[in-house]
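S.K.:
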Amino acid sequence: MARRSGGWKTKLRVSDLDDDAKLEAVCVRCDHVRYLTKSGLTDAGKSQSYIDEIEQGEICTVLGCGGKVRLAMMHKNATSGFVGGLA
Amino acid sequence: MRKPERVECLYLDFDGFFASVEQQARPELRGRPVGVVPFSGGKASCVIAVSKEAKALGLSNVMGIREAKAACPEMVLVPQSPHLYRRAHNALLAEIESVVPVDTIKSIDELACRVDLDQSRDPVGLAEDIKAAIAENVGPYVTCSIGFAANRQLAKMACKLDKPDGVTIWHPDDLPEPLFALPIEDVPGIGSNMQTRLARAGILTTKDVYDLAPKQMRKLWRNVTGERLWYALHGYAIHAPESKRGMFGHGRVLPPDCRNLDSAIGIARVLLVKAARRLRRERYFCAGLWLWLQHVGSTWSRNVSLPVVNDDQILLKALSGLWEQARDDLGRAAIFRIGVTLYDLSPADTRQLDFLLDDDTERQRWEAINAAIDHLNRKYGRTMASIGFWPAKNHENIGGKISYTRIPSAEDFW
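Chains as they are written, first to last, in the working numbering: chain A, 665 to 751; chain B, 2 to 415.
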């Protein structure tokens, strides 16, 4: 199969994500944030979907909004920091 | 200790991160000198980050607003948007990870990756792939500088040499000569105090530091950090040890209309609840609460021991007790800053309950209530429910502070 061009969302399928991976869905209209998990997407039968396809299919769940969402991969929010200036 | 014979580490540092993210998000700022400030309207504060254009005019980060404006009157001051920087960080990391796995995140704008054997044969190509992924999929206004070396410390130092938007490669065979060209203060880990201490010992240049023995470095630093730095500078595979979490806390400078104990309690409660939410999210319990207030001319602080807990009810009750003590001690004194800290942490799987305290049923009830509140807030993406009152104003960005040790998540802004 030809390699898809574009960013990470066009390269990764749900099944490629780590088991504990979380995707942050931010509404472009109202800024509402919710999280999508690999297990939730797999249970919904989307394990073979690319992330950009998931993004296109999702809408904001706030009552009366229904805006498009932008997906971002969540990372650990703890950094490893510097110890005595050592990186 | 192993001494790599090839480039094994990539260190990436975004150029003027906050300012360039603002320029990417707001086209009207592009090409102009931009300074990001903590909040709008303040003149006594400082510029926390400046754009590439402002740096080219001689301005630097952490410069007083008055001083910066005097040097560059056309500079555009923009209040910080931590939520935007957080989202940009996530988007950028995802693009970088599509090219090379991220080994560790050092701060919101710095990270390190491990370079495999194949990639180490063409580091310039790897850097170009990363920069292209960012430019194509995030935007061309957020640029980064990349350094390659045998270890993280050397890669970080290399990365700083060609800013903005540069690539520097220090092959192990090329060292140590490029190191000697750096002024001693550019070696991470040598701050002004250490520089003075080294100068007293007759060590004035980076070469002088390099020529020391590991044990001499340990003695000069008065701890093991000096010895670790020696190994890092000499190209050994060493990096900062993992640090253990010791506390969860938040602090805030109070807005002018909240600078007394009656008005500030709302902000103190929000600070505490936000710290407690993080405590629970990261599956910890705490056994102590510390409250710190800065008032005219001095500081006041008290702490209280707690059973091993993490629910809002008991923490807010403990805060009320400390607040009453503050009221007794400070009366109507004006206060300027508040800090709350949850300390004496235990991971959830090693929680040890106090067998002399008969509060099991009540504690379990409050923990269940708190779990339901957290679930509701997560479901709706904002603070829908809280224990006790939640102030209507003056809590913007509480919990969303970006520091060297932490990048906030969306939940921190609710």
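Think of the CB as a built atom: it goes at the ideal place given N, C-alpha and C, for glycine as much as any other residue.
As the structure is a computational prediction, the values presented were derived from the model and not from experiment.
Say whether the region 291-298 of chain B touches the region 329-346 of chain B, bearing in mind that this needs 3 or more beta-carbon pairs closer than 8 Å, one atom from each stretch.
M.R.: yes
S.K.: With 9 Å as the C-beta to C-beta threshold (strictly closer), list the residues of the region 234-257 of chain B near chain A in chain order.
M.R.: Ile239, His240, Ala241, Pro242, Glu243, Ser244, Arg246
S.K.: Which ranges would you report for the beta strand (DSSP E) in the region 271-325 of chain B if only whole runs of at least 3 residues count?
M.R.: 285-296, 299-310
S.K.: Mind checking which residues open and close the beta strand (DSSP E) that includes B:His251?
M.R.: 248-254
S.K.: Nearest-angstrom Cα distance between B:Leu316 and B:Gly252?
M.R.: Looking at the backbone, the Cα of B:Leu316 and that of B:Gly252 are separated by about 16 Å.
S.K.: Are the C-beta atoms of A:Thr743 and some chain B residue less than 8 Å apart?
M.R.: yes
S.K.: Once DSSP output is grouped into helix, strand and coil, what is the label at B:Arg67?
M.R.: helix
S.K.: For B:Ile374, I'd like the list of residues in its chain whose CB is within less than 6 Å of its CB, leaving aside the five on either flank, ordered along the chain.
M.R.: Ala386
S.K.: State the Cα-Cα distance for the pair A:Ile723 and B:Val37, rounded to the nearest angstrom.
M.R.: 33 Å
S.K.: Quick check on the burial criterion: 16 or more other C-beta atoms within 10 angstroms. Buried or exposed for B:Lys216?
M.R.: exposed
S.K.: Skipping 5 residues on each side, what residues in its chain have a beta carbon closer than 6 Å to that of A:Met665?
M.R.: Reliability fails at A:Met665, whose pLDDT of 48 lies under 50, so the model's placement of it is uncertain and the value that follows must be treated cautiously. Answer for A:Met665: no residue qualifies.
S.K.: Should B:His296 and B:Arg153 be called a contact, given that it needs their Cβ atoms to be closer than 8 Å?
M.R.: At the C-beta level, B:His296 and B:Arg153 stay beyond 8 Å of one another.
S.K.: Check the Cβ of A:Val678 against every Cβ in chain B and list those closer than 9 Å, keeping chain order.
M.R.: Within 9 Å Cβ-Cβ: nothing; A:Val678 doesn't reach chain B, min ~14 Å.
S.K.: Going by DSSP, which residues form a beta bridge with B:Glu75?
M.R.: None, per the DSSP bridge assignment.
S.K.: Does the region 726-740 of chain A touch the region 684-704 of chain A, meaning 3 or more C-beta pairs lie closer than 8 Å?
M.R.: yes
S.K.: Write down the C-beta distance between B:Gly190 and B:Leu230 rounded to the nearest angstrom, noting that I regard them as a contact closer than 8 Å.
M.R.: 5 Å
S.K.: Alpha carbon to alpha carbon, how far is B:Thr384 from B:Pro165?
M.R.: The straight-line gap from Cα to Cα measures roughly 40 Å.
S.K.: Which residues of chain B have a Cβ atom closer than 7 Å to the Cβ of A:Arg698, listed in chain order?
M.R.: Gly382
S.K.: Check for me: the beta strand (DSSP E) holding B:Ile147 runs from which residue to which?
M.R.: 145-150
S.K.: Beta-carbon separation of B:Leu13 and B:Leu118 under 8 Å?
M.R.: no
S.K.: From B:Ala26 to A:Asp707, what does the alpha carbon distance come to, in whole angstroms?
M.R.: 35 Å
S.K.: Could you list which residues in chain B have their beta carbon closer than 9 Å to that of A:Glu688, in chain order?
M.R.: Arg88, Asn91, Ser410, Ala411
S.K.: Are B:Val51 and B:Val143 closer than 8 Å when you measure CB to CB?
M.R.: B:Val51 is not a Cβ neighbour of B:Val143, given a cutoff of 8 Å.
S.K.: Nearest chain A C-beta to B:Ile268 closer than 8 Å, yes or no?
M.R.: no
S.K.: Got a sec? Which residues, its chain only, sit under 6 Å from B:Asp413 by beta carbon, not counting five neighbours each side?
M.R.: Gly400, Gly401
S.K.: Alpha carbon to alpha carbon, what distance is there between B:Met248 and B:Asp262?
M.R.: Here residue 262 of chain B turns out to be Leu, not Asp, going by the sequence shown. If I take the Cα positions, the gap works out to 25 Å.
S.K.: Quick one: Cα of B:Leu180 to Cα of B:Met2, how far?
M.R.: 21 Å
S.K.: Could you tell me if B:Arg279 is buried or exposed, where buried requires 16 or more neighbouring beta carbons within 10 angstroms of its beta carbon?
M.R.: buried
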